[in-house]
Amino acid sequence: MMLPPKMYAFPVSKVFELHRTGERTFLGTRFQWNTGQSEVAWERPDSFKAGTIAEEPIPAAPAGHEPGPRGLGSAA
Numbered sequence: 000m001m002l003p004p005k006m007y008a009f010p011v012s013k014v015f016e017l018h019r020t021g022e023r024t025f026l027g028t029r030f031q032w033n034t035g036q037s038e039v040a041w042e043r044p045d046s047f048k049a050g051t052i053a054e055e056p057i058p059a060a061p062a063g064h065e066p067g068p069r070g071l072g073s074a075a
C-alpha cells in the first residue's frame, strides 16, 4: 500500500536536549506530515551529542487562527 505524497506539514512539538544542570538546548521542531508520518527539522544536526532529548508540544491554534500548511522542503 502506497502512502500519499508528502505535501504539507504542521509543527507539533519542539525538541530539546536536557542537560544535568537543568538547562535545555533547543534542537529542532517535529512536524506531522499529511501522510501521518512525523519528521524532525533539526536546527543544527551536529550541535549535540547523545543525551536526554525531550519534546514539548506546540499548542494548537484557536479555531479560525490556524496557520496554513508549510512544506519542509529538504529538511530531515
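Going by numbering that gives the first Met the number 0, the first residue of the sequence shown is number 0, and it counts up by one from there. Built from N, CA and C at the ideal position, the CB exists for glycine as well.
Taking 8 Å as the cut-off, the Cβ atoms of E55 and S12 count as close.
Annotated as proximal: I57 and P10, with beta-carbon spacing under 8 Å. Taking R23 as the centre and dropping the five residues before and after it, the same chain places the C-beta of F15, E16, L17 and A53 closer than 8 Å to its C-beta, in chain order. Across the structure, R19 and T51 are spaced so that their CA atoms are roughly 9 Å apart. T28 has its alpha-carbon roughly 15 Å from the corresponding atom of D45. Per the coordinates, the alpha-carbon of T34 lies some 7 Å from the alpha-carbon of L2. When DSSP reads this structure, K5 sits in no beta bridge, so it has no partner. Excluding its 5 nearest sequence neighbours in each direction, W32 has C-beta neighbours in its own chain below 7 Å: K5, A8 and E38, listed in chain order.
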